[in-house]
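Chemist:
There are 2 protein chains.
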Amino acid sequence: MKMSTKGRYGLRAMLDIAANSRGDIVSVKSIAERQNISESYLEQVFSTLRKAAIVKSIKGAQGGYILADTPSNITVGQILRTLEGNLNIVDIDDRDNGVSREEKCINEYVWNRINESIHKVVDNITLEDLLNEYHKLKENSSVMYYI
Amino acid sequence: MKMSTKGRYGLRAMLDIAANSRGDIVSVKSIAERQNISESYLEQVFSTLRKAAIVKSIKGAQGGYILADTPSNITVGQILRTLEGNLNIVDIDDRDNGVSREEKCINEYVWNRINESIHKVVDNITLEDLLNEYHKLKENSSVMYYI
DNA sequence: AAAATAACTAACTAAAACAATAGGTTTACT
DNA sequence: AGTAAACCTATTGTTTTAGTTAGTTATTTT
Numbered sequence: 056m057k058m059s060t061k062g063r064y065g066l067r068a069m070l071d072i073a074a075n076s077r078g079d080i081v082s083v084k085s086i087a088e089r090q091n092i093s094e095s096y097l098e099q100v101f102s103t104l105r106k107a108a109i110v111k112s113i114k115g116a117q118g119g120y121i122l123a124d125t126p127s128n129i130t131v132g133q134i135l136r137t138l139e140g141n142l143n144i145v146d147i148d149d150r151d152n153g154v155s156r157e158e159k160c161i162n163e164y165v166w167n168r169i170n171e172s173i174h175k176v177v178d179n180i181t182l183e184d185l186l187n188e189y190h191k192l193k194e195n196s197s198v199m200y201y202i
Numbered sequence: 056m057k058m059s060t061k062g063r064y065g066l067r068a069m070l071d072i073a074a075n076s077r078g079d080i081v082s083v084k085s086i087a088e089r090q091n092i093s094e095s096y097l098e099q100v101f102s103t104l105r106k107a108a109i110v111k112s113i114k115g116a117q118g119g120y121i122l123a124d125t126p127s128n129i130t131v132g133q134i135l136r137t138l139e140g141n142l143n144i145v146d147i148d149d150r151d152n153g154v155s156r157e158e159k160c161i162n163e164y165v166w167n168r169i170n171e172s173i174h175k176v177v178d179n180i181t182l183e184d185l186l187n188e189y190h191k192l193k194e195n196s197s198v199m200y201y202i
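Residue numbers (our numbering), protein chains in the order written: chain A, 56 to 202; chain B, 56 to 202.
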């Protein structure tokens, strides 16, 4: 029941671009170094993000990635769904064991409530929200904050 | 990012006891048959639930399991945490890659919000709530409902 | 034009988690 | 004594995870 590294690294990487570039192109290598993530593994993550049109890529020397939209228009939900799937804690197909599709199992009530609560959180946090939160905490907190 | 069969089967089994016994002892075999789950696998689930004192066991012939408390005093959260762990989508230890314990990563904001939303849902649904929901749906719906 | 850079792709691999199965032992009822 | 059922431990096959490896392709820099 855990978020995998794809989702965790992906969110970190997207935040890294949003925070460290001012609209500039950022290479996977530089993100991987800052975030201490395997470069080739992170390339796979970006390949997925690009196919979902959340980032744009520029090939060749001095190439890299750039956000496909402003941080205020990119939600955590978009990023995590792209990398992790539908974000449902229980899939519809797994809900009913031996119970046919037309029939319902009362446990769905629980899974639906959990799923909805997750969707509600991730769809209402944008990259901009996180950047604002970051700057707020950085100023008001005694401990160091990182992206 | 999925709930495993332990949690899914466990919740189904607990509801099964709550619905099909009126305070009576229920054998794993009968639950396994009704719910179409492997009996020996379900035994492992009940072993965990018993150690967490959510159910009581009676050994020997005609033995079985019984809820350790009334359905109104058993939450979905108790059951799922026992079988799945802490129900956190991201563990504290996994949050900071290369970032020491005293330092903070802004992504925690997201994980904390998701974790809290899950806890809030599961801790506020009791077995009794589910039984009530079951009876309500059973009467008002055209499709069959199962535990 | 050549070299360098960086995205892009596919195939592979080690390790862990998952979902059981198997084969017993112990306890209590009939 | 026989049986039913909880209880316990080990093993197994499969899938997922988290990368690694080894390249190809496109663009810029020298």
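Positions of the beta carbon are idealized from the N, C-alpha and C atoms, including for glycine. As the structure is a computational prediction, the values presented were derived from the model and not from experiment.
Could you tell me which chain B residues have their CB closer than 8 Å to the CB of S172 (chain A), listed as they occur along the chain?
Modeler: In chain order: S172, I173, K175 and V176.
Chemist: Using the beta-carbon of each residue, which ones in chain B are nearer than 7 Å to L104 (chain A)?
Modeler: Neighbours of L104 (chain A) on chain B: none; closest Cβ ~16 Å, over 7 Å.
Chemist: Give a yes or no on whether 7 Å exceeds the smallest Cβ distance from M69 (chain A) to chain B.
Modeler: For M69 (chain A), the closest Cβ of chain B is not nearer than 7 Å.
Chemist: Going by the DSSP bridge assignment, what does I121 (chain A) pair with across the sheet?
Modeler: A:K111
Chemist: Rounded to a whole number of angstroms, what is the C-alpha to C-alpha distance between D79 (chain A) and L122 (chain A)?
Modeler: Cα to Cα, D79 (chain A) sits roughly 9 Å from L122 (chain A).
Chemist: For I202 (chain A) versus L70 (chain A), is the C-beta distance shorter than 7 Å?
Modeler: yes
Chemist: Ignore the nearest five residues each way along the sequence and tell me which others in A87 (chain A)'s own chain have a CB closer than 6 Å to its CB.
Modeler: E94 and L97
Chemist: Just grab the DSSP bridge partners of T130 (chain B) for me.
Modeler: B:T181
Chemist: Hey, quick one: how far does the alpha helix (DSSP H) through K61 (chain B) stretch, first residue to last?
Modeler: T60 to N75
Chemist: Would you identify the three-state DSSP class for V176 (chain B), choosing helix, strand or coil?
Modeler: Three-state result, V176 (chain B): helix.
Chemist: Could you list which residues in chain B have their beta carbon closer than 9 Å to that of Y96 (chain A), in chain order?
Modeler: Residues of chain B passing the Cβ test: none, with the nearest at roughly 12 Å.
Chemist: So, for V131 (chain A): in the same chain, excluding its five sequence neighbours on each side, which residues have a beta-carbon less than 7 Å away from its beta-carbon?
Modeler: Cβ neighbours of V131 (chain A) beyond the five flanking positions: L66, V177 and I180.
Chemist: For a contact defined as C-beta to C-beta under 7 Å, what are the partners of V100 (chain A) on chain B?
Modeler: Near V100 (chain A) there are no residues of chain B at all, since even the closest Cβ is about 13 Å away, more than 7 Å.
Chemist: Which stretch, first to last residue, makes up the alpha helix (DSSP H) that contains I86 (chain B)?
Modeler: V83 to Q90
Chemist: What whole-angstrom Cβ distance do Y189 (chain A) and I161 (chain B) have, given they're in contact under 8 Å?
Modeler: 4 Å
Chemist: If we count the other Cβ atoms within 10 Å of its Cβ and call it buried at 16 or more, is M199 (chain A) buried or exposed?
Modeler: exposed
Chemist: Skipping 5 residues on each side, what residues in its chain have a beta carbon closer than 7 Å to that of M58 (chain A)?
Modeler: E139
Chemist: Using a Cβ cut-off of 9 Å, pull out every chain B residue sitting near E188 (chain A), in sequence order please.
Modeler: I161 and Y164
Chemist: Alpha helix (DSSP H) containing L142 (chain A): first to last residue?
Modeler: Where L142 (chain A) is concerned, there is no enclosing alpha helix (DSSP H), given that its DSSP letter is neither H nor E.
Chemist: In whole angstroms, give me the CA-to-CA distance for L185 (chain B) and A74 (chain B).
Modeler: 10 Å
Chemist: Mind pulling the chain A residues with CB within less than 7 Å of I109 (chain B)?
Modeler: Neighbours of I109 (chain B) on chain A: none; closest Cβ ~16 Å, over 7 Å.
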